[in-house]
Amino acid sequence: MTRYEPLIWLALSVVGLYALRRLYRRGFNLYDPVLTEKESRRRDIRFAAFVVLYIAAAVGSFFAKQ
Numbered sequence: 001m002t003r004y005e006p007l008i009w010l011a012l013s014v015v016g017l018y019a020l021r022r023l024y025r026r027g028f029n030l031y032d033p034v035l036t037e038k039e040s041r042r043r044d045i046r047f048a049a050f051v052v053l054y055i056a057a058a059v060g061s062f063f064a065k066q
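For the sequence shown, the residue numbers in my numbering are 1 to 66.
Listed below in structure tokens is the structure:
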């Protein structure tokens with residue numbers, strides 16, 4: 001493993017999560033573009049839970065390689 005490999009993976013993860021967030025906000029709601037406040041909050045909570053699990057899996061796999 002090179003010295004910069006964790007930084008590269010972190011950068012790719014951030015870009016990937018940003019792209020998923022944009023898809024999640026825009027792509028999954030094609031037929032009903034107007035969300036209520038409650039639906040928007042639920043969607044944000046689900047996305048935050050996904051991000052936490054994604055980061056936990058990335059950290060776990062990083063330490064499993066060590």
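We treat Cβ as the ideally placed atom computed from N, Cα and C, and that holds for glycine.
Going straight from the alpha carbon of residue i to that of residue j, what length do you get?
{"i": "A57", "j": "L17", "result": "14 Å"}
{"i": "I8", "j": "R41", "result": "31 Å"}
Out of the options, which one is the CA nearest neighbour of residue i?
{"i": "V59", "options": "S13, F47, Y4", "result": "S13"}
{"i": "Y24", "options": "Y4, I45, T2", "result": "I45"}
{"i": "V15", "options": "V51, R3, S61", "result": "V51"}
Please report the Cβ distance between residue i and residue j, rounded to the nearest whole angstrom; I am assuming they are in contact, meaning their Cβ atoms lie under 8 Å.
{"i": "F47", "j": "R21", "result": "6 Å"}
Which residues in the same chain have their Cβ closer than 8 Å to the Cβ of residue i, if we skip the five residues on either side of it in sequence?
{"i": "L53", "result": "none"}
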